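Reading through the structure tokens given below for one structure.
Residue numbers (our numbering), protein chains in the order written: chain A, 330 to 894; chain B, 330 to 894.
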């Protein structure tokens, strides 16, 4: 079969005016602030206007443990949103904003794909309305104020060796991971070890995603800890008098961005926190608005259900007070085959040809991962629906194998052809989701605020990841003790581990058992509101490859973008 | 007298819809791309639509050599634009976009002032439409691609010790001036000395300001030289395959931004290149559009006439092919008194009280600076108009002294009260400008493209700055020889010297004679299209002060910005 490219589909879409898209949500033009012709910000007054509306059914889209290629979670989210409209439901989709670093690095863009994508893809992937840039600016203003404080006498007594606030840029630039700054003359600052992360990894991005209002964001920014005194007392952005200016820089960024799908379904694109050291979910304010303006709100959570969905339940919902009505688990034949442990799938390389041959036995051999991720939804009291994201290389016997496993595990299941067919290809999935969402569910957090940090980590490791237990390195144990002494023990935890395995070892496929989660160190995003134990090497500043996507991206003779796919 | 604050005046202005503001220029709504409610980008198609229109009278606003406080050039530019409307002329104002670094550093904002300001000031000073952020992103993508090229085998043979491309951020952060990057493991890049400048100092910003079309910008970006091989051959952004992606990042940024003054006069805000190491003028595309859509286009050039106006004539107009019809020189009583050499004016401190006493003799003692700057306009064949930017502390005898000097030097002169009265306070100035612009003038560049670099520098030094000659340090002489060997000798020159004196010594007031311009080194912005000799210490990354403006900027309980003044 032959499909046009994503960029061609995006260009051939008939965009509707955003006033009309907003109108589908009952949002009047007075609440829209257009940014160019194809994106608009929605004023937070929309929440006040719709305060009395009944909440939408709230559906989170997660996945089985993916291969390095990804299993089509965004495109399924978009396809499901489109299909719900075919069923006569007023639906809205909520996704994260893509990061420009990877867009010019390996990926080329992230907008869904095929006939289930967000359009226009150039607007989504490049700048959007500048929210990422605002995060960069607010983050780096705080960094400059930290070093200026040291330079101008350090009255707060910051220990230069215990400054935890790095700098950020939205670019894949390995050269900035570790630097020494402040070289030169006395007027040029104080030499110290420092470094840059990618903007998505900024705590400010996590703050933007978890804030429930402008004033809540102001308060969270003030609580950001930038470092410690020699005696171990945390020093905050509030004490540096930086939080007000940061809020002013972010005052437009806190408004969600309205776009549309290839079928003109409304999409809220807002915030893009990292999926490893942060919670990897789109913003609470976008979901608050979506929930009040639709019958169905379909929101995406990053990575597999052990990562994005667990944080969705225990961090995002805990902050918002919202409760999901159903959870979709996206799976593919290729990923389940890979979970058999018989294939090696590498990012940027073609799939092994034997993985494309008919082989339901391999699917069944990889099924423990699917079973465990279904369990990870159910353990939160939420009803799961398995979405088989269909590929042209799949065989009916392989889909049947997935169906059998899912149904035996107590989940609804549907094959979805949204990539090639748009919303009408996802009708079965949409019907299954409606049935699941209409069931009574018993959503609950996995642990209470009051549990101590160790037991929060142990609960997630044993109940979600399938570990036997957790080992804490001495540095991790000390950090936990310090955080609890400083009053951060009530925060939820966001475990930073690989997304390529249920375990902390990316090479382990399926549903590994008989292993222990090693916590190397523990850090805190006090402003955003979570503690993050680190299990393995977490790269927070990507690099470019040998042939970066940037080398292929250009304008043509008509000024149109080419090479963004 | 009591005036409301600039922020209060900005808030109390009745903004007109941008469609109506654009309508004043004959620009239809189909050419507008709104960014929020109060700023819109103008499609470059406006140029095609108005290709046959007669060009506007083109008026550049410059100044005498300013004190560190500035002499009100932006507010005069805005006031003049407003006053021309009172005279029945369709006028449009063109200014640079302020940089966010200084906004949160010492200044708090830059939008003109009083009843002659661009509104709303928050939009102008914070993000605007993201053009600065786009420059940052394009610049740093190129930097990442340079280091990635080194990391991945360096097939172009870049000498790591001769990489001239630094990184940029729009923040005042002295700590980043000099760094060592690439520390850590082998996968973390190659250790080398590096550093950051403020975004306004990026060559990409100068490219944005000097490009005449999207495709011209693409070509200039490709010509950017990032460093040299061991044998001294320049390596370009084109050779790194980076220029296409940079253009894609900047494809919206090249469209000028439309705002309005406190009296609803149209304002084009576009690009903000540094005034020292770059040419310090707003964009050519904004002036191209303004020129085709108005009777009068009033455009501002940075610093005094020896700096901004000289570069306006010899760099900006040389690139655009446009010819000015008149030049305004803004002067103040306080600055002329300071040029007597009898007072010390320091940024951020109150004026010496004795400077505010009636003293026309001190004004006359400082007058050589005004005379020389009038000469600097006339030497380009352009008709000068002196604008006395009136302050409540001025005396009529002092205005009379300025008038006498200006008229004796062959310039029109007018007292202007635009700060306190808006456009109607600048009617005399507007009438003088109209009279000047209607005269035949003989605009010409100061030197031809074909002159060699040394003689270009010597021409500016002796004819504009009043130097006896130029001394070239050995490094400067070698750089000039290398640039000419590489074919860059045809470029115009942009001399980086202090803006606080006609000479290269900021302590010398008036019109210094008997001095030699010392050229320490010479660099080139080959993509933007100029060579810049460096005379003195040029700071390209500011620092924050002891009490940065950021500490006072916040939101109030209604979410309104406070502290931005």
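Every residue, glycine too, gets a C-beta built ideally from N, C-alpha and C.
Note that the structure is a prediction, hence the values are computed from the model and not measured.
- Considering only A:431, A:365, A:784, A:856, the residue with the shortest C-alpha distance to residue 553 of chain A is A:856.
- Contact annotation: the segment 601 to 614 of chain A touches the segment 626 to 642 of chain A, with at least three C-beta pairs closer than 8 Å.
- Residue 761 of chain B and residue 406 of chain B have their alpha carbons spaced roughly 14 Å apart.
- Non-local C-beta neighbours of residue 480 of chain B in its own chain, meaning closer than 7 Å and more than five positions away in sequence, comprise 518, 519, ordered along the chain.
- Selection A:745, A:756, A:755, A:654 evaluated against residue 620 of chain A yields A:654 as nearest (Cα-Cα).
- Residues of the segment 428 to 456 of chain A with a C-beta less than 7 Å from any C-beta of chain B: 429, 433, 455, 456, listed in chain order.
- Its Cα nearest to that of residue 624 of chain B, the residue B:387 stands out among B:882, B:341, B:387, B:376.
- DSSP, reduced to helix, strand and coil, places residue 889 of chain B outside both helices and strands of the structure shown, so it counts as coil.
- Under a 10 Å Cβ-count criterion, residue 675 of chain A is classified as exposed, with fewer than 16 other Cβ atoms of the shown protein chains found around its own Cβ.
- Burial state of residue 739 of chain A is exposed, judged by a 10 Å Cβ sphere holding fewer than 16 other Cβ atoms.
- With respect to the 7 Å criterion, residue 657 of chain A and residue 422 of chain A are not classified as neighbours on the basis of their beta carbons.
- Contact between residue 719 of chain A and residue 413 of chain A does not hold, since the beta-carbon distance rounds to 18 Å and is not under 8 Å.
- When C-beta atoms of the segment 688 to 702 of chain B are compared with those of the segment 725 to 733 of chain B, three or more pairs fall below 8 Å, so the two segments count as touching.
- Proximity of residue 506 of chain B to chain A, defined by a Cβ-Cβ separation below 7 Å, is satisfied.
- When secondary structure is reduced to three states using DSSP, residue 658 of chain B falls in the strand class.
- Note on geometry: alpha-carbon atoms of residue 538 of chain A and residue 426 of chain B lie some 29 Å from one another.
- Listed by position along chain A, the residues whose Cβ is nearer than 7 Å to that of residue 571 of chain B are 879.
- At a cut-off of 7 Å between beta carbons, residue 584 of chain B makes no contact with chain A.
- Residue 527 of chain B has its alpha-carbon roughly 7 Å from the corresponding atom of residue 430 of chain B.
- Not one beta carbon of chain A lies nearer than 7 Å to the beta carbon of residue 536 of chain B.
- Using a CB distance cut-off of 7 Å, residue 512 of chain A counts as an interface residue toward chain B.
- As the crow flies, the alpha-carbon of residue 583 of chain B is around 18 Å from that of residue 359 of chain B.
- Looking only at A:586, A:778, A:485, the smallest Cα-Cα distance to residue 453 of chain A is reached by A:586.
- Assignment of beta strand (DSSP E) within the segment 765 to 850 of chain A, counting only whole runs of 3 or more residues, yields 798 to 801, 845 to 848 in chain order.
- Scanning chain B for C-beta atoms nearer than 7 Å to the C-beta of residue 363 of chain A yields 363, reported in chain order.
- The beta carbon of residue 774 of chain B is closer than 7 Å to those of 642, 643, 647 in its chain, skipping five residues each way along the sequence.
- Residue 677 of chain B counts as exposed, since fewer than 16 other C-beta atoms from the protein chains shown sit within 10 angstroms of its C-beta.
- In summary, residue 377 of chain B is exposed, with fewer than 16 beta-carbon neighbours lying within 10 Å of its beta-carbon over all protein chains present.
- In the assembly as shown, residue 403 of chain A is a buried residue. Its beta-carbon has 16 or more other beta-carbons within 10 Å.
- Ranked by how close their Cα comes to the Cα of residue 890 of chain A, the residues B:575, B:693, B:750, B:684 have B:575 in first place.
- Counting along the chain, residue 518 of chain B sits inside no beta strand (DSSP E), nor does DSSP assign it H or E at all.
- Of the residues assessed, residue 478 of chain B falls on the buried side of the cut-off, its CB having 16 or more other CB atoms within 10 angstroms.
- For the options B:801, B:604, B:670, B:468, the alpha carbon positioned closest to that of residue 836 of chain B is the one of B:670.
- The beta carbon of residue 478 of chain A does not come within 7 Å of any beta carbon belonging to chain B, so the residue lies off that interface.
- By a beta-carbon distance limit of 8 Å, residue 822 of chain A contacts residue 860 of chain A. Their separation comes to about 5 Å.
- With distances taken between CA atoms, residue 737 of chain B lies nearest to B:697 out of B:770, B:765, B:757, B:697.
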